[in-house]
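Colleague: In this note's numbering, the protein residues as written are 94 to 379. Before I ask anything, let me first share the structure, which is written out below as structure tokens.
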Ligand SMILES: C[S@@+](CC[C@H](N)C(=O)[O-])C[C@H]1O[C@@H](n2cnc3c(N)ncnc32)[C@H](O)[C@@H]1O
């Protein structure tokens with residue numbers, strides 16, 4: 094426990110040692126994130142203009158945050174904040190935390206849609222809204238429709254779309270796996286980072302993921318391929334003739350297993366690598 098009226102340096106070192114002793118992987122980075130957030134400082138300001146002593150209310154809050162982090166709650170849920178494609182998204186325990194690797198989906202989508210006048214985009218699995226909202230902002234003439242099974246996730250996405258003043262987006266609560274998608278047609282892009290962890294692998298996930306992120310944002314409760322099977326059967330209805338499907342895929346055998354599902358319908362089916370050199374994106378053209 095940090096005591097009230099402790100100096101900034103004491104708090105910084107205490108937090109660092111506390112996180113280290115609780116086996117948090119990047120303790121320095123995390124205590125800096127906590128303190129920047131607590132004091133509304135940039136990292137530069139943290140070391141150059143930090144308050145000499147921190148108010149009792151702030152010390153109490155930091156103590157609470159450190160205790161939560163020691164129980165492996167992800168830092169993004171504790172500070173209600175996650176960066177994605179250069180923007181800070183509000184997140185809470187009802188949504189999957191945006192991952193840097195998913196930014197590749199945005200890059201590929203923008204490249205493909207750059208010359209379209211007013212592209213129509215459909216996302217399955219909105220979550221925090223990071224994909225839909227980034228596309229809506231980067232492609233201001235687009236119209237984005239974004240679907241999630243979770244009302245609570247859609248509420249978070251709506252908070253984010255208001256935060257970024259996005260008007261070219263609409264959200265709908267729907268169970269994609271159980272829905273007749275023929276009412277969704279004429280889209281130029283179907284984009285999705287669906288739940289793709291096979292049920293049998295759930296136990297081996299990091300505690301931060303397994304114990305905190307929404308179960309149905311992680312797994313399809315099956316072999317991790319259910320969504321791709323449904324994409325494959327619905328894509329011909331959803332996309333117009335020069336439309337494209339962009340899907341995130343998992344690791345090891347998952348990318349190739351997912352790719353195979355589209356063999357019957359795709360004119361061009363490609364796996365693209367992320368910056369670590371892993372196949373993480375599946376691009377399907379009909
Ligand atoms: C991996 S998260 C992706 C969230 C966000 N697009 C991102 O990339 O950070 C998958 C999302 O799919 C949603 N989902 C799960 N099952 C669904 C279903 N049957 N129909 C629609 N959405 C579903 C979850 O609620 C979750 O928000």
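Virtual Cβ for every residue (Gly too), placed ideally from N, Cα, C.
Beta carbon of residue 224, beta carbon of residue 198: below 8 Å?
Modeller: Cβ distance < 8 Å, so residue 224 and residue 198 count as in contact.
Colleague: Since residue 320 and residue 313 are thought to touch, with beta carbons under 8 Å apart, how far apart are those beta carbons, to the nearest angstrom?
Modeller: Their Cβ separation, rounded to whole angstroms, is 6 Å, which keeps residue 320 and residue 313 in contact under 8 Å.
Colleague: Would you say residue 369 touches ligand 1, meaning its beta carbon is less than 7 Å from a heavy atom?
Modeller: Checking every heavy atom of ligand 1 against the Cβ of residue 369, none is found closer than 7 Å.
Colleague: Report all residues from its chain with a CB closer than 8 Å to the CB of residue 155; omit the five preceding and five following residues, and keep chain order.
Modeller: Once the five neighbours on either side are set aside, the close Cβ partners of residue 155 are 95, 104, 108, 127, 128, 131, 147.
Colleague: Distance, Cα to Cα, residue 119 vs residue 110?
Modeller: One C-alpha to the other measures close to 11 Å.
Colleague: When you measure from the CB of residue 397 to every non-hydrogen atom of ligand 1, does any distance come out below 7 Å?
Modeller: Nothing about residue 397 can be reported from this structure: the residues present for the chain run from 94 to 379 only.
Colleague: Please say whether residue 222 and residue 195 have beta carbons closer to each other than 8 Å?
Modeller: No, the Cβ-Cβ distance between residue 195 and residue 222 is not below 8 Å.
Colleague: From the DSSP output, which residues share a beta bridge with residue 266?
Modeller: According to DSSP, which records beta bridges pairwise, residue 266 is partnered with 241.
Colleague: Let's see if you can read the secondary structure: which residues bound the alpha helix (DSSP H) around residue 367?
Modeller: Taken as a continuous stretch (DSSP letters only), residue 367 belongs to no alpha helix (DSSP H), as it is neither H nor E.
Colleague: Under the criterion of a Cβ to heavy atom distance below 7 Å, does residue 302 qualify as lining ligand 2?
Modeller: The ligand content of the structure shown is limited to ligand 1, which means ligand 2 is not among them.
Colleague: If you draw a straight line from the C-alpha of residue 117 to the C-alpha of residue 264, how long is it?
Modeller: In a straight line, the C-alpha of residue 117 is about 36 Å away from that of residue 264.
Colleague: From which residue to which residue does the alpha helix (DSSP H) around residue 125 run?
Modeller: Counting along the chain, the alpha helix (DSSP H) containing residue 125 begins and ends at 120-132.
Colleague: With a cut-off of 8 Å on the beta carbons, I'd call residue 170 and residue 252 a contact; round off their distance for me.
Modeller: That belief does not hold up - the Cβ atoms of residue 170 and residue 252 are roughly 15 Å apart, past 8 Å.
Colleague: First and last residue of the alpha helix (DSSP H) that includes residue 201?
Modeller: Note, residue 201: alpha helix (DSSP H), 196-206.
Colleague: What does the Cβ neighbour count give for residue 244, buried or exposed, with the cut at 16 atoms within 10 Å?
Modeller: Counting Cβ neighbours within 10 Å, residue 244 comes out exposed, since fewer than 16 surround it.
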